[in-house]
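Enquirer: In UniProt numbering, the protein residues as written are 1 to 320.
Virtual Cβ for every residue (Gly too), placed ideally from N, Cα, C.
Just so you know, these numbers come straight off a predicted model, no measurement behind them.
Here it is, the structure in full.
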Amino acid sequence: MRFRRVSIVFMFLLLPLVTARASRKWGFWAHMQINRMAVFTLPEEMLGFYKRNIDYITKHAVDPDKLRYLLKNEAPKHYIDLDLYPELFTQTKLRQWNEAVSCYSVDTLEANGVLPWNIEQFMKRLTRAFANRDSAAVLRCSAFLGHYLADASVPLHTTSNYNGQKTNQKGIHAFWETRLPVLFAENYDQLTGRSVYINNTSSYIWKLIFQSHSAVDSVLCFEEELNKTTAAERKFGLNNKNGAIVSDYSEEYARNYHQRLNGMVERRMQAAISSVGNFWYTAWVNAGQPDLNNWRLHESSEGLDSLQYSKTKLKTREEE
């Protein structure tokens, strides 16, 4: 398989990026950008199909977040509170779903998040879709799998203190995963190289999540330290969010926090892009490397566009 970095950079420059200011909540912009850039990690045998459908892959990267307000069992698929499962760090057996259920119960697992096991399930779905030559299912599963892998790359998706609610830092979730990327991602290196085959996807998933979790203390402590030395009037300012003028973390405060994190957000975004590409590629290889040259976007590949949203949204974890 040939893979030329120069051609990838050229194609990247030709494709319009999603505008950062369209962000909502690995805010919506970051999720879309991660899926989009993961396309450019793929080998030539896959690149054509994914590039033809890059707008779909990008747009529908946020579908799982929309489902959080529609389906009761969706929210736990986006996180895992590792601090509530200290045994998982040392007892690899418990990382298997059946063993985890026997130890903790399904209700406990769903209450504290099932992100790693959900990624495994979507990996199986994507592999099956490739094997069945189902282009519509491949696109849907690719978009969803990309979202969940991106969530696994965010430190605050791995802790019960997911929004700083336990440490008087409410709002830090959206601050870290939305405000910072929107302000500074244009300076990030988002070309992560060629996708590689994953021999053990379960081990990869847990390693990714443990790496994210190892940064939780820094995410919280750096902001706590900065807050102590910043006057309230300098911490917050007015920001245009989805057409509304709201109080938000000021650019000055965000810049100081971003500097203290010393490249963390960029590294986690790179980890997400690389992981998404690796999983897409591995699923394709495991399915027998089907020829994608004549595949097109299937008419039924409309994601959530045709769904009617309920007037009353389900209550989920507060991450704003």
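#1: Does K166 come within less than 7 Å of chain C when only Cβ atoms are used?
#2: Near A232, which residues of its chain fall below 7 Å by C-beta distance, leaving aside the five closest residues on each side in sequence?
#3: Just to confirm my understanding: we take A150, look at its own chain, exclude 5 residues before and 5 after, and list those with CB closer than 6 Å. What are they?
#4: Can you give me the C-alpha to C-alpha distance between A152 and Y197, rounded to a whole angstrom?
#5: Determine the contact status of L145 and L126, defining contact as a CB-CB distance below 7 Å.
#6: I need the DSSP call for G146, collapsed to helix, strand or coil.
#7: What's the C-alpha gap between F210 and S160?
#8: For N240, name the three-state secondary structure that DSSP assigns.
#9: Taking 7 Å as the threshold (C-beta atoms), are R260 and F222 in contact?
#10: For I245, list the residues DSSP reports as bridge partners.
#11: Apply the 10 Å Cβ neighbour rule to G140 and answer buried if 16 or more other Cβ atoms are within range, or exposed otherwise.
#12: Measure the C-alpha to C-alpha separation of V265 and Y79 and round it to an integer number of angstroms.
#13: Please report the straight-line C-alpha distance between V276 and N200, rounded to a whole angstrom.
#14: Count the CB pairs spanning the region 40 to 60 and the region 87 to 99 that are closer than 8 Å, and state whether there are at least three.
#15: Whole angstroms are fine: how far does the CA of I245 sit from the CA of F122?
#16: Could you check if A111 is buried or exposed, using at least 16 other CB atoms within 10 Å of its CB as the buried criterion?
#17: Are the Cβ atoms of L183 and A254 separated by less than 7 Å?
#18: If we call anything under 7 Å between Cβ atoms a contact, is L226 one with F49?
#19: Go through its chain and collect everything with a Cβ distance to G76's Cβ below 6 Å, but skip five positions before and after it.
#20: Let me confirm a value: F89 is counted as buried when at least 16 other C-beta atoms fall within 10 Å, else exposed. Which label applies?
#21: Please report the straight-line C-alpha distance between N240 and S247, rounded to a whole angstrom.
#22: Using the three-state DSSP reduction, which class does Q121 fall into: helix, strand or coil?
#23: Look at the alpha carbon of P28 and the alpha carbon of A174, and state the distance between them as a whole number of angstroms.
Expert: On the basis of the supplied data:
#1: Any reference to chain C falls outside this structure, which holds one protein chain only.
#2: none
#3: W26, H31, I34, A272
#4: 19 Å
#5: yes
#6: helix
#7: 14 Å
#8: strand
#9: yes
#10: N240
#11: Note that residue 140 is Arg in the sequence shown here, rather than Gly. R140 should be labelled buried.
#12: 18 Å
#13: 15 Å
#14: no
#15: 38 Å
#16: exposed
#17: yes
#18: no
#19: This sequence places Pro at residue 76; Gly is not what is there. The residues are E110, G113, V114.
#20: exposed
#21: 9 Å
#22: helix
#23: Sequence inspection shows Phe at residue 28; the Pro mentioned does not correspond to that position. Between F28 and A174, the C-alpha separation is close to 11 Å.
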